[in-house]
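Have a look at the structure below, then the notes.
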Amino acid sequence: MTLDSMWVGAGLAGQALFGARFLVQWLYSEARGKSVIPGVFWYLSVAGGVVLLSYAIHRREPVFIIGESVTLLIFLRNLQMLHKRTDPG
């Protein structure tokens, strides 16, 4: 297995994590009968975003790097707001 094929595998894993969030959100919403975004959606978003950003940096793709960096900040902000909302204090 080459280093390049390992990076392609990492990129695919990031895409799988990122895609899984839509499945989780859809099933969560179906179970409740309304559109809802569970906290795990944002954790999957961050995990997938970090892996995809790492892949983009490795590939030296500036457009991909900028896009993933911006969305990762948004995902992290959503997690921060989620934790602020659930903190008892």
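Letter 69 of the sequence shown, counting from 1, is numbered 69 in the UniProt record's numbering, and no numbers are missing. Built from N, CA and C at the ideal position, the CB exists for glycine as well. What you are looking at is a predicted structure, and each value in this text was computed from that prediction instead of being measured.
Using the Cα positions of Pro62 and Trp7, report the straight-line distance between them to the nearest angstrom.
Straight-line Cα distance between these residues: approximately 17 Å.
The alpha helix (DSSP H) with Val51 in it runs from where to where?
First-last of the alpha helix (DSSP H) with Val51: Gly39 to Arg59.
Boundaries of the alpha helix (DSSP H) in which Ser5 is found, first to last residue:
Per DSSP, the unbroken alpha helix (DSSP H) holding Ser5 starts and ends at Leu3 to Arg32.
Going by C-alpha distance, which of Thr2, Ala56 and Trp26 is nearest Val40?
Trp26
To the nearest angstrom, how far is the alpha carbon of Asp4 from that of Phe18?
21 Å
Inter-residue Cα distance where the pair is His83 and Arg32
Distance between the alpha carbons of His83 and Arg32 is about 22 Å.
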